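First the structure, in the form of C-alpha coordinates, and then the observations on it.
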Amino acid sequence: MIGIPYGGVWGLLVLVADIWAIINIIQSNVPTNDKILWVVIVALLPVVGVVLWFLLGPKSR
(Lines of atoms letter the chains of each structure in order from A and count residues from 1; the text may use other names and numbers.)
(Lines give C-alpha, C1' and ligand atoms only; values in the text may rest on other atoms or scores of the structure.)
Protein backbone atom coordinates (compact mmCIF):
# COMPACT_ATOMS: atom_id res chain seq x y z
CA MET A 1 0.00 0.00 0.00
CA ILE A 2 1.43 3.29 -1.03
CA GLY A 3 1.61 5.91 1.70
CA ILE A 4 -0.35 3.96 4.35
CA PRO A 5 1.73 2.17 6.97
CA TYR A 6 0.52 -1.22 8.17
CA GLY A 7 -0.54 0.25 11.50
CA GLY A 8 -2.91 2.54 9.61
CA VAL A 9 -4.47 -0.38 7.78
CA TRP A 10 -5.01 -2.30 11.03
CA GLY A 11 -6.40 0.82 12.67
CA LEU A 12 -8.84 1.27 9.80
CA LEU A 13 -9.95 -2.36 10.07
CA VAL A 14 -10.51 -1.98 13.82
CA LEU A 15 -12.50 1.21 13.21
CA VAL A 16 -14.73 -0.51 10.64
CA ALA A 17 -15.26 -3.46 13.00
CA ASP A 18 -16.15 -1.09 15.86
CA ILE A 19 -18.66 0.78 13.72
CA TRP A 20 -20.19 -2.55 12.60
CA ALA A 21 -20.47 -3.70 16.22
CA ILE A 22 -22.03 -0.43 17.43
CA ILE A 23 -24.60 -0.47 14.62
CA ASN A 24 -25.48 -4.08 15.46
CA ILE A 25 -25.71 -3.24 19.16
CA ILE A 26 -28.07 -0.35 18.51
CA GLN A 27 -30.26 -2.47 16.19
CA SER A 28 -30.39 -5.43 18.59
CA ASN A 29 -33.35 -6.29 20.80
CA VAL A 30 -31.42 -6.12 24.07
CA PRO A 31 -32.57 -3.68 26.78
CA THR A 32 -31.28 -0.10 26.58
CA ASN A 33 -29.05 -0.46 29.65
CA ASP A 34 -27.34 -3.46 28.05
CA LYS A 35 -26.90 -1.54 24.79
CA ILE A 36 -25.19 1.29 26.64
CA LEU A 37 -22.89 -1.15 28.43
CA TRP A 38 -21.96 -2.92 25.17
CA VAL A 39 -21.25 0.38 23.38
CA VAL A 40 -19.02 1.50 26.26
CA ILE A 41 -17.15 -1.83 26.17
CA VAL A 42 -16.62 -1.58 22.39
CA ALA A 43 -15.54 2.07 22.67
CA LEU A 44 -13.07 1.50 25.51
CA LEU A 45 -11.71 -1.86 24.34
CA PRO A 46 -12.04 -1.75 20.55
CA VAL A 47 -10.60 -5.14 19.58
CA VAL A 48 -11.66 -7.07 22.68
CA GLY A 49 -15.10 -5.41 22.67
CA VAL A 50 -15.82 -6.43 19.08
CA VAL A 51 -14.72 -10.00 19.76
CA LEU A 52 -16.85 -10.17 22.91
CA TRP A 53 -19.88 -8.76 21.10
CA PHE A 54 -19.41 -11.26 18.28
CA LEU A 55 -19.11 -14.19 20.72
CA LEU A 56 -21.44 -13.16 23.56
CA GLY A 57 -23.90 -10.72 21.99
CA PRO A 58 -27.44 -11.77 21.09
CA LYS A 59 -27.73 -13.93 18.01
CA SER A 60 -30.26 -13.05 15.31
CA ARG A 61 -32.73 -15.78 14.55
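Residue 17 in this note's numbering is what sits at position 17 of the sequence shown, and the numbering runs on without skipping anything.
Built from N, CA and C at the ideal position, the CB exists for glycine as well.
Just so it is clear, the structure is predicted and the values come from calculations on it, not from any experiment.
What are the boundary residues of the alpha helix (DSSP H) that includes residue i?
{"i": "residue 35", "result": "32–44"}
{"i": "residue 11", "result": "6–27"}
So, with DSSP's three-state summary, where would you put residue i?
{"i": "residue 57", "result": "coil"}
Buried or exposed: which applies to residue i, given that a residue is buried once 16 or more other Cβ atoms fall within 10 Å of its Cβ?
{"i": "residue 21", "result": "buried"}
{"i": "residue 25", "result": "buried"}
{"i": "residue 50", "result": "buried"}
Quick one: measure Cβ to Cβ for residue i and residue j, integer angstroms, because I've assumed they're closer than 8 Å.
{"i": "residue 40", "j": "residue 53", "result": "Not confirmed; about 12 Å, so no contact."}
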